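J.:
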Amino acid sequence: MQLFVDTSVWSQAFRRDTPPDRPEVSRLSIALESGETIFTTGLILQELLQGFNGPKSVSRIIGHFDPLPLLTPRRSDHIEAAKLRNECRRKGVQIGTIDALLARLCIVHNLTMLSADTDFRRIARHSDLQVWQ
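Take any residue in the sequence shown, note its place counting from 1, add 20, and you have its number in our numbering.
Next comes the structure, spelled out in structure tokens:
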């Protein structure tokens, strides 16, 4: 299984006040310690950098992200993400634009989403998205 780690998990992992027993954070720690390849995208890095203050935090985040493969969405990914968002909406599931794009990246690259955000579980019910449980 190859992981794509959402902002919600990274954010918890970088915070000092996060309980160590969070299953998603534990799974991320195991993946990092064992050398598993973890995928990300620029949106996640940007969201994290916007959420933390101070040069130490920024340097630490950038340092963790430097070795990670960075997925760059193509035009077709944006088109398919819009289709995914519309399909979910028709089925009564409201998802955000960024979540739709992240889900699309996971689907097209056959990655498992590691997230503390329950929206991705709802997306998975109506798509080929694989979510770690």
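Backbone N, C-alpha and C define an ideal beta-carbon position, used for all residues, glycine too.
Keep in mind the model is a prediction, meaning the values are calculated, not measured.
Under a Cβ-count criterion, where at least 16 other Cβ atoms within 10 Å of its own Cβ denotes burial, should residue 139 be classed as buried or exposed?
T.: Residue mapping note: residue 139 aligns to position 119 of the sequence shown, counting from 1. Residue 139 should be labelled buried.
J.: Please list the terminal residues of the continuous alpha helix (DSSP H) segment that includes residue 122.
T.: Taking the sequence shown and counting its residues from 1, the one referred to as residue 122 is at position 102. It spans 117 to 128 - the alpha helix (DSSP H) in which residue 122 sits, taken as one unbroken run.
J.: Just the C-alpha distance for residue 68 and residue 27, rounded to the nearest angstrom, thanks.
T.: Looking up residue 68 in the sequence shown gives position 48. Looking up residue 27 in the sequence shown gives position 7. Using only the alpha carbons, I get a separation of about 7 Å.
J.: Please classify residue 61: is it buried, with 16 or more other beta-carbons within 10 angstroms of its beta-carbon, or exposed?
T.: Locating residue 61 in the sequence shown gives position 41, counting from the first residue. Answer is buried; the Cβ neighbour count reaches 16.
J.: Measuring CB to CB, does residue 96 end up less than 8 Å from residue 123?
T.: What you label residue 96 is simply residue 76 of the sequence shown in a count that begins at 1. What you label residue 123 is simply residue 103 of the sequence shown in a count that begins at 1. Taking 8 Å as the Cβ cut-off, residue 96 and residue 123 do not qualify as a contacting pair.
J.: Confirm, please, whether the CB-CB distance from residue 131 to residue 23 is below 8 Å.
T.: By 1-based counting over the sequence shown, the position of residue 23 is 3. By 1-based counting over the sequence shown, the position of residue 131 is 111. Going by C-beta atoms, residue 23 is nearer than 8 Å to residue 131.
J.: Thinking just about the alpha-carbon of each residue, which of 153, 55, 143 is nearest to the one in residue 109?
T.: Here the question's residue 109 lines up with position 89 in the sequence shown. Measuring from the Cα of residue 109, the nearest candidate turns out to be 143.
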